[in-house]
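Here the structure comes first, spelled out in structure tokens, and everything after it is commentary.
There are 2 protein chains.
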Amino acid sequence: MARTNDEARRAWQLLMRFFFRQRGQLPACGDQFGLSPVQCHVLHLLEPDDPMPMSRLAKTLSCDASNVTGLVDRLETRGLVERRPAAGDRRVRVLGLTPTGSRVRGELLRHVSGRPNPLTRLTPDERRALVRILERLLDEQDG
Amino acid sequence: MARTNDEARRAWQLLMRFFFRQRGQLPACGDQFGLSPVQCHVLHLLEPDDPMPMSRLAKTLSCDASNVTGLVDRLETRGLVERRPAAGDRRVRVLGLTPTGSRVRGELLRHVSGRPNPLTRLTPDERRALVRILERLLDEQDG
DNA sequence: AATCAATATTTGAGCTTGTCAACTATTTAA
DNA sequence: TTAAATAGTTGACAAGCTCAAATATTGATT
Numbered sequence: 002m003a004r005t006n007d008e009a010r011r012a013w014q015l016l017m018r019f020f021f022r023q024r025g026q027l028p029a030c031g032d033q034f035g036l037s038p039v040q041c042h043v044l045h046l047l048e049p050d051d052p053m054p055m056s057r058l059a060k061t062l063s064c065d066a067s068n069v070t071g072l073v074d075r076l077e078t079r080g081l082v083e084r085r086p087a088a089g090d091r092r093v094r095v096l097g098l099t100p101t102g103s104r105v106r107g108e109l110l111r112h113v114s115g116r117p118n119p120l121t122r123l124t125p126d127e128r129r130a131l132v133r134i135l136e137r138l139l140d141e142q143d144g
Numbered sequence: 002m003a004r005t006n007d008e009a010r011r012a013w014q015l016l017m018r019f020f021f022r023q024r025g026q027l028p029a030c031g032d033q034f035g036l037s038p039v040q041c042h043v044l045h046l047l048e049p050d051d052p053m054p055m056s057r058l059a060k061t062l063s064c065d066a067s068n069v070t071g072l073v074d075r076l077e078t079r080g081l082v083e084r085r086p087a088a089g090d091r092r093v094r095v096l097g098l099t100p101t102g103s104r105v106r107g108e109l110l111r112h113v114s115g116r117p118n119p120l121t122r123l124t125p126d127e128r129r130a131l132v133r134i135l136e137r138l139l140d141e142q143d144g
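Laid out in structure tokens, this is it:
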């Protein structure tokens, strides 16, 4: 068990290190659209035909609901996203992409695909292994 | 090549998703010490007998030097870290742990080891694979 | 039907993180 | 010795966050 925790800690530390080092190239993604990394991620999460309630976004981002309010405010000001009423529940605001938002999201994805990220340097096997591991980690996390 | 980029993008997206979801449990690490996630990471990076110049920290964190100034200010106020003059170059400030900082760092590591992080749930093989992959990614990055 | 607890979102205060431009001090190179 | 590069700081300012408090709705229980 001690062994397991040590290794898990080591992996975690490497992950952190990787992320911080990588961060420098992150802003480049949304820079030409004037989007911050978090905003890019939100746009990435928000699929054109699958709007989600703000509360779900908060859960996905693991942050306070009030944070999402500000986040969405800024995206809405830019005309990328809109709050819509929810069908059955008048408390809920459902988040959807505007046509502009949908277009920008597309450009963003193409742009990210275009510029090779550091993961490109892995061998196909390694990449597959990484994807499999991450999928497992994400699956088990919540119901 | 298109295939490669698509897969790399998928892996990247998963990584982002994982990180944001994980973030919720991150503050818990340093909470009892009153440390933010970034501060924890800096403490983690700063090994007791291997002080580093602020400029190197900025590089490691991929952020502006002025950001490091504030970061270190706050850590210094808490008495965890101190700026020391560098041997050969009077422009340079070398960052070292104070005795307190060293102790807190130790507690922090033990604390993190203690509470099982999500990576604990991987099989040993998967964990080894993950560590190997991350090490490769970090190695190749810079000289 | 009236009430009470839970849920979704917003507001406002306040902190940390982060960037940029401008400035000082030192070092290095021409 | 002047000029260009490097290390760090400062000040202004935006964004990302959290917390506590307030509003509006919904759901469950009497």
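Residue numbers (my numbering), protein chains in the order written: chain A, 2 to 144; chain B, 2 to 144. Backbone N, C-alpha and C define an ideal beta-carbon position, used for all residues, glycine too.
- prompt: Taking any Cβ of chain A, which residues in the region 106-126 of chain B have a Cβ under 7 Å from it, in chain order?
  reply: VAL113, SER114, PRO117, ASN118, PRO119, LEU120, THR121, ARG122, LEU123
query: Do LEU15 of chain B and VAL69 of chain A come within 8 Å of each other at the CB atom, strictly closer than that value?
result: Here the question's residue 69 of chain A lines up with position 68 in the first sequence. Here the question's residue 15 of chain B lines up with position 14 in the second sequence. It is not a contact, given that the beta carbons lie outside the stated cut-off.
Opening and closing residue of the beta strand (DSSP E) in which ARG94 of chain B lies: For this step, residue 94 of chain B is matched to residue 93 along the second sequence. Residues 94-98.
Distance CB(PHE130 of chain B)-CB(ARG128 of chain A) smaller than 8 Å: Along the second sequence, one-based indexing puts residue 130 of chain B at 129. Along the first sequence, one-based indexing puts residue 128 of chain A at 127. Sequence inspection shows Ala at residue 130 of chain B; the Phe mentioned does not correspond to that position. Against a cut-off of 8 Å, the Cβ pair of ARG128 of chain A and ALA130 of chain B comes out as no contact.
query: Shorter than 8 Å from the beta carbon of GLN14 of chain A to some beta carbon of chain B?
result: Reading the first sequence from its first residue, position 13 is the one you call residue 14 of chain A. It does; some Cβ of chain B falls within 8 Å.
- request: Would you grab the beta carbon distance between PRO54 of chain B and VAL93 of chain B for me? Rounded to a whole angstrom, and I think it's under 8 Å.
  value: Within the second sequence, residue 54 of chain B is the residue found at index 53, counting from 1. Within the second sequence, residue 93 of chain B is the residue found at index 92, counting from 1. With 8 Å as the limit, PRO54 of chain B and VAL93 of chain B qualify as a contact, their Cβ atoms being about 5 Å apart.
query: Which class does PRO86 of chain B belong to by DSSP, given the choice of helix, strand or coil?
result: Looking up residue 86 of chain B in the second sequence gives position 85. Three-state DSSP puts PRO86 of chain B in a strand.
task: Using a Cβ-Cβ cut-off of 8 Å, state whether PRO86 of chain A counts as contacting chain B.
output: Here residue 86 of chain A refers to the residue found at position 85 of the first sequence. Output row for PRO86 of chain A: interface = no.
- prompt: With 8 Å set as the bound, which would you pick, yes or no: does the beta-carbon of GLU136 of chain B sit closer than that to a beta-carbon of chain A?
  reply: By 1-based counting over the second sequence, the position of residue 136 of chain B is 135. Closer than 8 Å to some Cβ of chain A, the Cβ of GLU136 of chain B qualifies, so yes.
task: Could you check the C-alpha separation between ARG106 of chain A and VAL39 of chain A for me, to the nearest Å?
output: Against the first sequence, residue 106 of chain A aligns to sequence position 105. Against the first sequence, residue 39 of chain A aligns to sequence position 38. For ARG106 of chain A and VAL39 of chain A, the distance between alpha carbons rounds to 13 Å.
message: Would you say PHE34 of chain A lies against chain B (beta-carbon separation less than 8 Å)?
response: One-based indexing of the first sequence puts residue 34 of chain A at position 33. No, its Cβ sits nowhere closer than 8 Å to a Cβ of chain B.
query: From this set, B:PRO125, B:LEU44, B:LEU135, B:GLU136, which residue's C-alpha is nearest ASP7 of chain A's C-alpha?
result: As a working mapping, residue 7 of chain A is identified with position 6 in the first sequence. The option with the nearest alpha carbon to ASP7 of chain A is B:PRO125.
query: Terminal residues of the continuous alpha helix (DSSP H) containing THR61 of chain A?
result: Reading the first sequence from its first residue, position 60 is the one you call residue 61 of chain A. Start and end: 55-62.
- request: Look at LEU47 of chain B and LEU98 of chain B and say whether their C-beta atoms are less than 8 Å apart.
  value: By one-based count along the second sequence, residue 47 of chain B stands at place 46. By one-based count along the second sequence, residue 98 of chain B stands at place 97. Yes.
- prompt: According to DSSP, which residues form a beta bridge with LEU48 of chain B?
  reply: Taking the first residue of the second sequence as 1, we reach residue 48 of chain B at position 47. For the sequence presented, residue 48 of chain B should be read as Glu rather than Leu. B:ASP51, per the DSSP bridge assignment.
- request: Give me the Cα-Cα distance between LEU138 of chain B and ALA9 of chain B, rounded to the nearest whole angstrom.
  value: Here residue 138 of chain B corresponds to residue number 137 of the second sequence, with the count starting at 1. Here residue 9 of chain B corresponds to residue number 8 of the second sequence, with the count starting at 1. LEU138 of chain B and ALA9 of chain B: Cα-Cα distance of roughly 13 Å.
- request: Express the C-alpha separation of SER63 of chain A and PRO147 of chain A in angstroms, rounding to a whole number.
  value: An answer regarding residue 147 of chain A cannot be provided, because it is not within the stretch 2 to 144 covered by chain A.
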